[in-house]
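**Student:** Per the working numbering, residue 6 is the first one in the sequence shown, and the count goes up by one each step.
Glycine included, C-beta positions come from ideal geometry on N, C-alpha and C.
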Amino acid sequence: CAAPAAQTEPSQAQFFSMDTVMTVRVYDGPGEEAVQAARQAVEELDGLLSRTDADSQLSALNAHAGDGISVPLDSRVTELLAFAKSVSQLLPGDFDVTIAPVMDAWGFTTDQRQVPDPQTLAGALSLVDSGKLEVDKEASTARLEAAGMEVDLGAVAKGYAAGQAAAAIRDAGSSSALLDLGGNVTALGRKEDGSAWQVGVKDPQDTAQTLCVLSMEDQTASTSGGYERYFEENGIQYHHIIDPKTGYPADSGLLSVTVVSENHMLADALSTALFVAGEDAALEFWRSRTNFELVLCTADSRVVVTQGLEEGLRPTGEERGYTY
Ligand code: ADP
Ligand code: MG
Ligand code: MG
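1. Taking the DSSP output, what are the residues bridged to A192?
2. Per DSSP, what are the beta-bridge partners of K207 in this structure?
3. V204 and M221: beta carbons closer than 8 Å?
4. To which residues of the same chain is D185 closer than 7 Å at the C-beta, ignoring the five residues directly before and after it?
5. Whose C-beta lies closer than 6 Å to the C-beta of E48 among residues of the same chain, with five residues either side of it excluded?
6. List the DSSP bridge partners of E139.
7. Which stretch, first to last residue, makes up the alpha helix (DSSP H) that contains F88?
8. Give the straight-line distance between the Cα atoms of L314 and E38, rounded to the nearest whole angstrom.
9. Would you say the beta carbon of H244 is closer than 7 Å to some non-hydrogen atom of ligand 1?
10. Determine, using beta carbons only, whether E284 and G258 come nearer to each other than 8 Å.
11. Could you check what DSSP says for M23 in three-state terms: helix, strand or coil?
12. Does Q41 come out as helix, strand or coil in the three-state DSSP assignment?
13. Taking contact to mean 3 or more Cβ pairs, one atom from each stretch, closer than 8 Å, check whether the stretch 262-269 and the stretch 290-301 are in contact.
14. Quick check on this structure: which residue in Q117, V218, T83, S145 has the alpha carbon closest to the alpha carbon of V102?
15. Counting only the same chain and skipping the five closest in sequence on each side, list residues whose C-beta sits under 7 Å from that of G112.
16. So, do the stretch 47-62 and the stretch 163-175 have three or more beta carbon pairs nearer to each other than 8 Å?
17. Please indicate yes or no: does the CB of S93 lie closer than 7 Å to some heavy atom of ligand 2?
18. Keeping to the same chain, check which residues put their C-beta closer than 7 Å to that of F20; ignore five residues upstream and five downstream.
19. In this structure, does DSSP put P249 in helix, strand or coil?
20. Would you say the beta carbon of A274 comes nearer than 7 Å to a heavy atom of ligand 2?
21. Any contact of the stretch 66-86 with the stretch 221-230, i.e. 3+ C-beta pairs under 8 Å?
22. Ends of the alpha helix (DSSP H) at H244?
23. Would the stretch 124-137 count as touching the stretch 184-199 if we require 3 or more Cβ pairs under 8 Å?
24. What is the DSSP secondary structure of E155, reduced to helix, strand or coil?
25. Does V29 come out as helix, strand or coil in the three-state DSSP assignment?
26. Going by DSSP in three states, Q312 sits in which element: helix, strand or coil?
27. By a C-beta neighbour count over all protein chains shown, 10 Å radius and 16 as the cutoff for buried, is S16 buried or exposed?
28. Between S293 and ligand 1, is the CB less than 7 Å from at least one heavy atom?
29. So the beta strand (DSSP E) S293 belongs to, where does it begin and stop?
30. Could you tell me how far apart the beta carbons of V281 and F100 are, in whole angstroms, since I believe they sit closer than 8 Å?
31. Quick one: is P249 buried, meaning 16 or more other Cβ sit within 10 Å of its Cβ, or exposed?
32. What does the alpha-carbon distance come out to for the pair Q224 and H269?
33. Is there a Cβ from chain D that is less than 8 Å from the Cβ of D256?
34. If you measure from the CB of S229, is any heavy atom of ligand 2 nearer than 7 Å?
35. Out of A89, Q41, L219, A278, which has the shortest C-alpha to C-alpha gap to R319?
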């Protein structure tokens, strides 16, 4: 009797970095070496970009806020800062990389989570202004103009890490891999059998279920949702994606936003920004660009999928009405 064709087991590692559980699986080439190279790339970035680690380069930048010093930084840090600043300026009112004081007011940084009093929140919000973050990529320095300002890269660091990890895997000589960096799923190349990777998008209302399954190749799918990190006070849920217009958790009528793009850090940044922006603004922004696609889940349980994902998409909950 014929045994089924043997599936090669991937080389893999699961580890905790950037405050989340990450998995790297490599399916071809020098698997183990590629896995370790990817892990090292992510862990190096975590060491540079962490806001809670006083020895990180990001902490050095934040510590010098308002004192006029341009802080010398690793080129990866200035690349990411410049990118995050550009998104802040592209989608003002939805995204701001200097949101840190507001995250602190809500206690999301320390785990002492609380609804801040209006004065504290207003004070924190007055410090949020990415226009006062100066980044010099040539010199690889950055500077925060006002005392009390701080940068928080939580919305973009994992996407950037995905890109760096993917490059490390390719440099090691592998080309088929699947990475899950906490809500950012990156598909490298294709599966062994030559078909595209199949990646499920979680249903924010029941994370054991999927909204749909995406066909992916050399792309990242990044999901932002209020369900991922939140606390409850007096029966009200407060999540960690902040509307910089109000200082409160975004309440745009979306439960989750998944952005699929070949640009890994763009996927991460836009999933956060468009979650704040809401359905209409997100779709309008999508129409003005060509480098990403969207899966939106609305509070009234609709699933909206943009045209570029149509091919290869497997809806798993048709009764909820897909719009392409
Ligand atoms: P996750 O961290 O769950 O992957 P996101 O990628 O959406 O989710 O990033 C959320 C993080 O981004 C927050 O924890 C905070 O550090 C930061 N953040 C929250 N709101 C904003 C915002 N409006 N603009 C920029 N960064 C934000
Ligand atoms: Mg993000
Ligand atoms: Mg994310």
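**Tutor:** By the coordinates alone:
1. To locate residue 192, count along the sequence shown from 1; it is residue 187. Answer is L183, Q224.
2. One-based indexing of the sequence shown puts residue 207 at position 202. Partner(s): T215.
3. Here the question's residue 204 lines up with position 199 in the sequence shown. Here the question's residue 221 lines up with position 216 in the sequence shown. Yes, these two residues count as a Cβ contact at 8 Å.
4. Taking the sequence shown and counting its residues from 1, one reaches residue 185 at position 180. M27, T28, listed in sequence order.
5. If you number the sequence shown from 1, residue 48 lands on position 43. Residues of the same chain with a CB within less than 6 Å of the CB of E48, apart from the 5 flanking positions on each side, are S22 in chain order.
6. For the purposes of this step, residue 139 is taken as residue 134 along the sequence shown, with counting starting at 1. Note: E139 sits in a beta bridge opposite R148.
7. Reading the sequence shown from its first residue, position 83 is the one you call residue 88. Note, F88: alpha helix (DSSP H), 80-95.
8. For the purposes of this step, residue 314 is identified with residue 309 of the sequence shown, where counting begins at 1. For the purposes of this step, residue 38 is identified with residue 33 of the sequence shown, where counting begins at 1. Their Cα atoms are separated by approximately 33 Å.
9. In the sequence shown, the residue the question calls residue 244 occupies position 239. Not under cutoff, so the answer is no.
10. Against the sequence shown, residue 284 aligns to sequence position 279. Against the sequence shown, residue 258 aligns to sequence position 253. The answer is yes: Cβ separation under 8 Å.
11. For the purposes of this step, residue 23 is identified with residue 18 of the sequence shown, where counting begins at 1. Three-state DSSP puts M23 in coil, outside helix and strand.
12. By 1-based counting over the sequence shown, the position of residue 41 is 36. Here Q41 sits in helix by DSSP.
13. Under the 8 Å Cβ criterion, the stretch 262-269 counts as touching the stretch 290-301, having at least three qualifying pairs.
14. Taking the sequence shown and counting its residues from 1, the one referred to as residue 102 is at position 97. Per the C-alpha coordinates, the member of Q117, V218, T83, S145 positioned closest to V102 is T83.
15. Indexing the sequence shown from 1 puts residue 112 at position 107. Cβ neighbours of G112 beyond the five flanking positions: R118, Q119.
16. Because the criterion of three Cβ pairs below 8 Å is met, the stretch 47-62 and the stretch 163-175 touch.
17. The residue you call residue 93 lines up with position 88 of the sequence shown. Here the distance from the Cβ of S93 to the nearest heavy atom of ligand 2 is not below 7 Å.
18. Here residue 20 is taken as the residue at index 15 of the sequence shown, counted from 1. Hits under 7 Å: M27, R44.
19. Position 244 of the sequence shown, counted from the first residue, corresponds to residue 249. Reduced to three states, the DSSP call for P249 is coil.
20. Taking the sequence shown and counting its residues from 1, the one referred to as residue 274 is at position 269. Checking the Cβ of A274 against ligand 2 gives yes.
21. The stretch 66-86 vs the stretch 221-230: no contact.
22. One-based indexing of the sequence shown puts residue 244 at position 239. The continuous stretches of alpha helix (DSSP H) do not include H244, which lies in the beta strand (DSSP E) extending over residues 241-244.
23. The stretch 124-137 is not in contact with the stretch 184-199.
24. Translated into the one-based positions of the sequence shown, residue 155 becomes position 150. Looking at E155 - three-state DSSP - the assignment turns out to be coil, as it is neither helix nor strand.
25. Start at 1 with the first residue of the sequence shown, and residue 29 comes out as number 24. Strand at V29.
26. Walking along the sequence shown from the start, residue 312 turns up at place 307. Q312: helix per DSSP, three-state reduction.
27. The residue labelled residue 16 in the question sits at position 11 within the sequence shown. S16 sits buried, since 16 or more C-beta atoms from the chains shown fall within 10 Å of its C-beta.
28. Position 288 of the sequence shown, counted from the first residue, corresponds to residue 293. Not a single heavy atom of ligand 1 lies less than 7 Å from the C-beta of S293.
29. Within the sequence shown, numbered from 1, the residue matching residue 293 stands at position 288. Annotation: S293 is outside any beta strand (DSSP E) and is labelled neither H nor E by DSSP.
30. By one-based count along the sequence shown, residue 281 stands at place 276. By one-based count along the sequence shown, residue 100 stands at place 95. For a cut-off of 8 Å, the C-beta gap from V281 to F100 is around 7 Å, short enough to register as a contact.
31. On the sequence shown, position 244 is the one that residue 249 refers to. With 16 or more other Cβ atoms within 10 Å, it is buried.
32. What you label residue 224 is simply residue 219 of the sequence shown in a count that begins at 1. What you label residue 269 is simply residue 264 of the sequence shown in a count that begins at 1. Take the alpha-carbon of Q224 and the one of H269: they are about 7 Å apart.
33. The structure shown contains no chain D, having only a single protein chain.
34. Residue mapping note: residue 229 aligns to position 224 of the sequence shown, counting from 1. Checking every heavy atom of ligand 2 against the Cβ of S229, one is found closer than 7 Å.
35. Counting from 1 along the sequence shown, the entry for residue 319 is found at position 314. Nearest option by C-alpha distance: L219.
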